[in-house]
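Down below is the structure, laid out as structure tokens.
Numbering (the UniProt record's numbering), first residue to last: 1 to 388.
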């Protein structure tokens with residue numbers, strides 16, 4: 001047996017009148033009677049859940065809101081109400097329920113009555129996440145697993161992914177995505193035997209950077225140089241902007257003689273690196289200069305067959321770099337290798353200039369034959385002029 005829509009509307013109106021007159025019992029009786037017909041109308045079950053909560057029956061209210069969610073599983077308001085009901089009942093699943101609600105799009109404009117509930121939801125969800133992260137970390141420790149430092153970092157990231165304080169990021173190359181390559185935000189230092197040598201040259205490389213930066217014949221250009229006709233979604237603010245500039249030593253496979261002449265030790269080191277040599281594309285090496293209070297917005301690079309190395313040379317405090325879910329502070333003379341096709345960003349929050357050496361490398365998973373195939377394909381594709 002079903003309840004006709006006009007009849008249901010009349011009962012809802014009668015329940016509202018009863019509530020307005022202060023008769024909660026009468027309002028609930030009206031709605032409970034209508035519930036026997038199991039109307040497939042989401043607002044009815046929302047109303048019944050509200051009345052049951054007002055009447056001090058939170059578990060029955062959860063049953064009603066579950067019926068509403070069966071009709072619209074991703075409704076933000078219903079998910080938030082369910083979490084709030086669990087919270088009111090002291091249920092241990094409240095934190096997780098708040099997380100499910102907060103993952104959904106919110107109504108716009110946001111009803112003022114939800115503001116306080118959302119603030120509590122965000123606080124309890126964060127508390128739940130960190131509690132889970134601690135519990136998972138303790139479980140790994142208690143297991144006695146003999147993890148290497150690299151394995152431990154992965155296990156810790158596994159825990160934060162489960163707790164959803166981090167998420168999985170993937171390579172999103174804008175132009176050249178070679179399949180099957182290992183995805184890592186920051187690559188393990190142990191895979192690059194030359195890292196110690198590079199860092200030992202920090203003072204020398206910095207001195208050469210100072211020399212070329214002050215040379216009358218030095219070429220200092222904006223880091224981002226797209227043509228006006230090219231899409232600029234991720235670079236609109238910094239295109240042709242001298243807040244982020246570069247002194248190129250090698251640009252798309254060609255030594256920039258005016259700059260390289262001032263940097264013999266740096267060039268000698270780069271000559272020993274396993275860089276992708278592709279006409280019109282690579283290799284690349286440069287000093288990157290970021291002006292005070294400049295933000296490089298989240299973006300991704302053009303090709304996953306290469307990795308990038310950073311060697312910080314001048315980095316005042318509060319200069320940070322994020323790749324995927326991991327944020328690191330720059331430290332002078334401490335290098336890292338990362339995948340720039342995974343979303344990354346940087347910011348100089350200081351009043352001083354930030355300077356780093358950047359150069360590219362072949363992805364270590366590629367065989368010599370694959371490198372040859374990539375060189376041929378990318379050359380034939382005609383590398384886009386404005387891409388980085």
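Even for Gly, the Cβ is constructed at its ideal location relative to N, Cα and C.
All figures in this text were calculated on a predicted structure; none of them were measured in a lab.
DSSP-derived helix/strand/coil call for residue i
i	result
residue 343	coil
residue 285	strand
residue 308	strand
residue 50	helix
residue 249	strand
residue 140	helix
residue 369	helix
residue 194	coil
residue 254	strand
residue 37	coil
residue 277	coil
residue 11	helix
residue 27	helix
residue 98	helix
residue 165	coil
residue 133	helix
residue 235	Any answer about residue 235 is weak, because its pLDDT of 45 lies below 50 and its placement is not dependable; what the coordinates show is given next. Coil at residue 235, not helix or strand.
residue 84	helix
residue 375	helix
residue 148	coil
residue 259	helix
residue 128	helix
residue 92	coil
residue 216	coil
residue 225	Reliability fails at residue 225, whose pLDDT of 48 lies under 50, so the model's placement of it is uncertain and no value is given.
Distance between beta carbons of residue j and residue i, contact taken as under 8 Å
i	j	result
residue 267	residue 358	In fact, because the Cβ distance is near 15 Å, the residues do not count as touching under 8 Å.
residue 304	residue 181	6 Å
residue 362	residue 279	16 Å between Cβ atoms; not a contact.
residue 245	residue 289	5 Å
residue 94	residue 101	Not quite, the Cβ-Cβ distance comes to about 10 Å (not below 8 Å), so this is no contact.
residue 124	residue 75	With a Cβ gap of about 20 Å, residue 124 and residue 75 do not count as contacting.
residue 209	residue 355	6 Å
residue 51	residue 17	Contact doesn't hold; Cβ gap of about 13 Å is too wide.
residue 364	residue 191	6 Å
Beta-bridge pairing of residue i - partner residues as DSSP gives them
i	result
residue 348	294, 319
residue 244	290
residue 303	176
residue 359	285, 309
residue 118	The partner list for residue 118 (beta bridge, DSSP) is empty, contrary to what the question assumes.
residue 160	Answer is none; residue 160 lacks a bridge partner.
residue 269	Answer is none; residue 269 lacks a bridge partner.
residue 327	322
residue 354	290
residue 314	355
residue 337	309
residue 186	338
Cβ-heavy atom distance, residue i to the ligand NAP, below 6 Å
i	result
residue 168	Inclusion of the ligand NAP in the displayed structure is not the case, the ligand content being empty and no account of it being possible.
Does the stretch 343-356 come into contact with the stretch 250-265, if we say contact requires no fewer than three beta-carbon pairs (one atom in each stretch) closer than 8 Å?
no
Practice problem: Mind the definition here: the stretch 324-341 touches the stretch 295-312 only if three or more C-beta pairs lie below 8 Å; say whether that holds. | Solution: By the C-beta criterion, the stretch 324-341 is judged to be in contact with the stretch 295-312, since at least 3 inter-stretch pairs fall below 8 Å.
Meets three-Cβ-pair contact criterion under 8 Å: the stretch 156-164 and the stretch 292-303
no
>> Under 8 Å, with one C-beta from each stretch per pair, do the stretch 32-45 and the stretch 62-76 reach the 3-pair mark?
In response: yes
Spell out a yes or no on whether the stretch 315-332 and the stretch 171-186 are touching, meaning 3 or more CB-CB pairs, one atom from each, closer than 8 Å.
Taking 8 Å as the limit for Cβ pairs, the verdict is that the stretch 171-186 does touch the stretch 315-332.
Item checked: Contact the stretch 101-117 vs the stretch 144-154: 3+ CB pairs below 8 Å -> no
>> For the structure I just gave you, are there three or more beta carbon pairs, one from the stretch 190-206 and one from the stretch 371-378, closer than 8 Å?
In response: no
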